[in-house]
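Remarks on the structure that follows.
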Amino acid sequence: MLQVANIRANKEAYIEALKKRNFDAAGIFSEVLELDETRRSTQAELDDTLAESNRISKEIGLMFKNGEHQKANLLKEKTAGLKDKSKTLSEKLNETSEALTKHLYNIPNIPNDLVPAGVTEDDNVEVFKEGEIPVLAEGSLPHWELAKKYDIIDFELGNKITGAGFPVYKGKGARLQRALISYFLDKNTAAGYTEYQMPLLVNEASGYGTGQLPDKEGQMYHVTEDNLYLIPTAEVPVTNMFRDEMLSEDVLPVACTGYTPCFRREAGSYGAHVRGLNRLHQFDKVELVRIEKPENSYAALDGMVEQVKDILRDLKLPYRILRLCGGDLGFTSALTYDFEVFSTAQDRWLEISSVSNFETFQANRLKLRYKSADGNKQLAHTLNGSALALPRVLAGILENYQTPAGIKIPEVLVPYTGFDMID
RNA sequence: GGAGAAAUGGCAGAGUGGUCGAAUGCGGCAGUCUUGAAAACUGUUGAGGGUCACACCUCCGGGGGUUCGAAUCCCUCUUUCUCCGCCA
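Quick note on numbering: the first sequence equals residues 592 to 1014 in our numbering.
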């Protein structure tokens, strides 16, 4: 959520920047500023009314103390009008504030200067590429065939127990996934991130805090009996730890990492590209979350990108980094880098990580601020990124490491798996 | 799940209808003293909105109500604690 004061101060520059998202902000900005104007004048009027009735109440109190009951009762009658007035005004204030917030919820974050203009994912800009795409032997298979051949992931069994998109990992498949999670967490904690285990269900307030609610309600599983939501990413519980917090400057930067399963309804997204592990309703992910001072947040973003690079180098997977264009950029993000690993057998790139700087966009909604030594209070910057999302990394490993003799295990994982080949 | 108690500033803890945004203690900050530190003493110290700055408004777990006036009374929700039941 943008800050109204910033919209007022940078209206033209913001309108220009939002064009990169193909978002025409001129109209909604005018409405926002007008509503804010109304809100403030209504507030002022209400304050005056309340001040008046506070003053009278005190007077009445004094009169009763002095035994001037008649005088007091006379004055009481005067307050009736003030009461009505303040009731009307506070209703108007609520309506205006609600309308204002609703408008603000509909305005996406201002893209960073680095964000290229563009409409679809085809306009994303490749900024880095590394790793060799292996030449596979004749008869190499996509991961869902490999999963069946070596009996390590059972999609049908998941269908039976729950439904499509809930695979069952088995034997060395299960072990490999657990190895990856441990390895990612070790790697992240070694880089200074503190490990967390978070609740997998969150309340409504948390959903609003990170912006899943109210708009993307349909993407989360909703436990209606208790009004809780299954998390679509660890970002939700982790970031919400800091909701309504005033951090002291010296705890920054905050760096968290956590493994959680993620649950996504993915309503309506079915088709050729969702086979196997490509898109699931439940999957595992290790997430990074950082809270930074504004002046450090872009250096921190680069640091997170390096962290993910480091992991992919360790795993010796061919990958590329894309800078998302305005059209593909997430609603809340100012700048996002997507990591894609090459799926050899499918001959396509698979997104495995998304690293973003939200600047103050999330912090404003969360009321996440910090106090500097001089007592100055301001919104912090929040960032997050996947390090990494499991299923597609698994798919990449299965496909890229396949040999006629079986699937080799990346060297760094062997201490975690205890075996070096799936055969 | 049942029965009871509670929720107040960074923390502890008073306050049961009228100068209470809130005593007191601890902590924090500033000063006195000291070569320096500690101790002691003195002062200061919640948040949000608003204003050039004041004024002023809001906030005592959340929401609603009674009243001229609510931290204080009523309703409701949430959370915590104690006892009972159940349980990995």
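Positions of the beta carbon are idealized from the N, C-alpha and C atoms, including for glycine. Values in this document were obtained by computation on a predicted structure and should not be read as measured data.
Residue range 972-980 is occupied by the beta strand (DSSP E) that includes residue 980. Under the 8 Å Cβ criterion, the region 940-958 does not count as touching the region 723-739, having fewer than three qualifying pairs. A Cβ-Cβ distance of about 22 Å is found for the pair residue 884 and residue 978, leaving them out of contact under the 8 Å criterion. Judged by DSSP secondary structure, residue 837 falls within the beta strand (DSSP E) whose first and last residues are 837-839.
One alpha carbon belongs to residue 904, the other to residue 722, and they sit about 7 Å apart. A distance below 6 Å between beta-carbons, with the five flanking residues on each side excluded, links residue 983 to the following residues of its chain, in chain order: 941 and 943. For residue 778, the enclosing alpha helix (DSSP H) begins and ends at 763-781.
As the crow flies, the alpha-carbon of residue 844 is around 37 Å from that of residue 684.
Closest by C-alpha distance to residue 673, out of 692, 649, 780 and 645, is 645. Around the beta carbon of residue 653, a 10 Å sphere encloses fewer than 16 other beta carbons of the protein chains shown; the residue is thus reported as exposed. The C-alpha of residue 751 is placed about 43 Å away from the C-alpha of residue 835. Its Cα nearest to that of residue 911, the residue 899 stands out among 762, 629 and 899. Taking a cut-off of 8 Å on C-beta distances, the region 659-669 does not touch the region 594-609, as fewer than three cross pairs fall below it. In the DSSP assignment, residue 963 falls outside any beta strand (DSSP E), carrying neither H nor E. The C-beta of residue 879 has 16 or more other C-beta atoms within 10 Å across all chains shown, which makes the residue buried. Following the DSSP letters along the chain, one finds residue 599 inside the alpha helix (DSSP H) bounded by residues 595-609. DSSP places residue 698 outside any alpha helix (DSSP H), giving it a letter other than H or E. The closest CA to that of residue 1001, considering only 994, 1011 and 643, is found on 1011.
Counting along the chain, the unbroken beta strand (DSSP E) around residue 948 starts and ends at 939-950.
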